[in-house]
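A quick write-up on the structure given underneath.
There are 2 protein chains.
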Amino acid sequence: MTKYIKQTRILVAVDCIIFGFDGYDLKLLLIKRGFDPEKDKWSLMGGFVQSDENPEDAASRVLKQLTGLKNVYMEQMLVFGEPERDPIERTVSITYFALVDIKKYEKQLSDDYRAEWFSLKRVPKLIFDHDQMVDHAKQKLRYKAALHPILFELLPEKFTIPQIMTLYEQVYDVELDKRNFTRKLRSTELLIKQIDKDKENSKKGAFYYKLDKTTYKEKFTKFLNFVSNP
Amino acid sequence: MTKYIKQTRILVAVDCIIFGFDGYDLKLLLIKRGFDPEKDKWSLMGGFVQSDENPEDAASRVLKQLTGLKNVYMEQMLVFGEPERDPIERTVSITYFALVDIKKYEKQLSDDYRAEWFSLKRVPKLIFDHDQMVDHAKQKLRYKAALHPILFELLPEKFTIPQIMTLYEQVYDVELDKRNFTRKLRSTELLIKQIDKDKENSKKGAFYYKLDKTTYKEKFTKFLNFVSNP
DNA sequence: AAATTAAATGTTATTTTGACACGAACAACC
DNA sequence: GGTTGTTCGTGTCAAAATAACATTTAATTT
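Have a look at this one:
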């Protein structure tokens, strides 16, 4: 047996939903397309899976190309495969959900597109079914972050408790209680208090913390219940 | 613009991981292949996505073909896309996770394969990366069932509390406390007590329950915490 | 020295969880 | 017709987790 006969071969693409956090707002990295199809419109960053490449590698490649970053937290999300979703030619798109430290992001200049961070509150209309992809990614972010410490992937190496709290508040669009939230965080034993403070946002300053990498790995897949009903 | 040039078109398949429950054991539906490649070996049921079909429809079609069932609980799972995973020709497989009421299953006779239910404790070696797919599906089942009432999809319309409990015990391979488990179940308000009893498994008989469809839909996406740390 | 601002922390009531034991229903048996 | 055996169904109490709530502290600004 050499080939599967009479079957349709389809283009397989990856699209990345890339989240960042600037300390105030949750952000999404989009590109203004300098190429067809849908030239001059906003879209997610994507690319075709190459013949020698698995989809994960394709997604990492695309992400690296856009952000300059490697080893980013990434997770496979839904496949979008409506026959007519790309009017040029049938394409099945595997979506990936990525969380990056926005401070490590380095704009990669390209003639093909222009990248920009958008507040999640003000996302422009996107091409094809990319809006749906973003909606789904938001849902997934809320779901996972309620249970697992993934939001730390959005923060720099050193961060403060008020920063994490703001992040959670942005993700869930709620106000949290400082005392209860801090207690919950402490109970996870994920944080190591530093001796220095962040003086950017207050006179008193807020202590920096770092992630305890060991506990982080150990507890990552456990249910930590950061938010009880998202 | 008419086509994407110089890109690789790839076969796109779906593979279904189909779970069932016979009252005692959690089961997996597999086929003995009567066709190439890997003729006479066990595998998941799958098929190629057709040119006019989206992947969900392909999965439903494949499932219907094997079980005779429509409107089955199904969820997209991981995509498996290693370039060499199928030695005949590169194929990207989208996996689907399905939960069926084993009593509604009707064997569909076919010359191409022979279907059989296997206890999850005794799954044979499968072709390609299908073992990995099954492992992943088991994990996913545990994860989701800990939070959401998906296991009811495995039960007949009328079921008893001891039956549900056995099911949870099988899924998590633990012994549960009858009193605590019942309390938890009752607190979800998902069940409606029937007047008749199941006398199959005891002299006293156990009351039948049905799902309250309305609450079920309402609460399906909420965190119900059936099992605290799977 | 006083005023201002955000950070840090503690207490109490409520809810949820986990551990544990006994009476009720019914068929089978003598 | 009463006794026995088996599974079903429920209640209590202690511990842990959560939600609601106010005050003190550190450091800059005036």
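So the protein lines, in turn, are chains V and Z. To convert, note that position 33 of the first sequence is 32 in numbering that gives the first Met the number 0; the numbers rise steadily by one, no gaps. To convert, note that position 175 of the second sequence is 174 in numbering that gives the first Met the number 0; the numbers rise steadily by one, no gaps. We put the beta carbon where it would ideally sit given N, CA and C, even for glycine.
Is residue 77/Z close to chain V, meaning its C-beta is less than 9 Å from at least one C-beta of that chain?
yes
Would you mind stating whether residue 66/Z and residue 112/Z have Cβ atoms separated by less than 9 Å?
no
Compare the Cα-Cα distances from residue 93/V to each of 28/V, 133/V, 34/V and 0/V and report the closest residue.
133/V
Rounded C-beta distance between residue 71/V and residue 62/V? I'm assuming under 8 Å.
6 Å
What is the rounded straight-line gap between the Cα of residue 0/Z and the Cα of residue 7/V?
21 Å
Is the beta carbon of residue 315/V less than 9 Å from the beta carbon of residue 97/V?
With chain V covering 0 to 229 only, the question about residue 315/V has no answer from this structure.
CB-CB under 6 Å to residue 152/Z, same chain, minus the five flanking residues each way: which ones, in chain order?
72 and 98
By how many angstroms is the C-alpha of residue 60/Z removed from the C-alpha of residue 137/Z?
23 Å
Just by C-beta distance, which residues in the segment 152–181 of chain V are closer than 8 Å to chain Z?
none
Can you name, in chain order, every residue of its own chain whose Cβ lies under 6 Å from the Cβ of residue 129/Z, other than the five neighbours on each side?
42 and 43
Short CB-CB distance (under 9 Å) between residue 96/Z and chain V:
no
Proximity test, Cβ basis, 9 Å: residue 133/V and chain Z:
no
Chain V residues whose Cβ lies nearer than 8 Å to that of residue 215/Z:
Near residue 215/Z there are no residues of chain V at all, since even the closest Cβ is about 17 Å away, more than 8 Å.
Are residue 36/Z and residue 126/Z touching if we call contact CB-CB under 9 Å?
yes
Can you list the residues of chain Z that residue 0/V reaches, using a CB-CB cut of under 7 Å?
35, 36 and 87
Runs of alpha helix (DSSP H) wholly within the segment 107–181 of chain V (minimum 4 residues, chain order):
129–146 and 160–171
In chain Z, which residues lie with their C-beta within 7 Å of the C-beta of residue 8/V?
8, 9 and 10
Which whole-angstrom value describes the C-beta separation of residue 215/Z and residue 148/Z, a residue pair presumed to lie in contact below a C-beta threshold of 8 Å?
7 Å
Contacts of residue 30/V in chain Z (Cβ-Cβ under 9 Å):
Neighbours of residue 30/V on chain Z: none; closest Cβ ~17 Å, over 9 Å.
Backbone secondary structure at residue 8/V - three-state DSSP
strand
Between the alpha carbons of residue 213/V and residue 191/V, how many angstroms are there, rounded?
11 Å
Report the CB separation of residue 3/V from residue 223/Z in whole angstroms; it is logged as a contact under 8 Å.
Contact doesn't hold; Cβ gap of about 43 Å is too wide.
Using the rule of at least 16 other Cβ atoms within 10 Å of the residue's Cβ for burial, across every protein chain shown, is residue 176/V buried or exposed?
exposed
Exposure label - residue 107/V; buried when at least 16 CB within 10 Å:
exposed
Starting from residue 189/V, trace the alpha helix (DSSP H) in both directions and tell me its first and last residue.
Residue 189/V -> no alpha helix (DSSP H), and no H or E assigned at all.
Return the CA-CA distance between residue 46/Z and residue 30/Z, expressed in angstroms with no decimal places.
12 Å
Using a C-beta cutoff of 9 Å, does residue 222/V count as contacting chain Z?
yes
Inter-residue Cα distance where the pair is residue 295/Z and residue 23/Z:
Since the first and last residues shown for chain Z are 0 and 229, residue 295/Z lies out of range.
Grouping DSSP H, G and I as helix and E and B as strand, with all else coil, what is residue 215/Z?
helix
Under 9 Å, do residue 150/V and residue 163/V count as touching if we go by C-beta distance?
yes
Report yes if the C-beta distance between residue 210/V and residue 170/V is below 9 Å; otherwise report no.
no
Examine the ligand NAD and report whether any of its heavy atoms sits within less than 8 Å of the Cβ of residue 223/V.
Within the structure as shown, the ligand NAD is missing, as the structure has no ligands at all.
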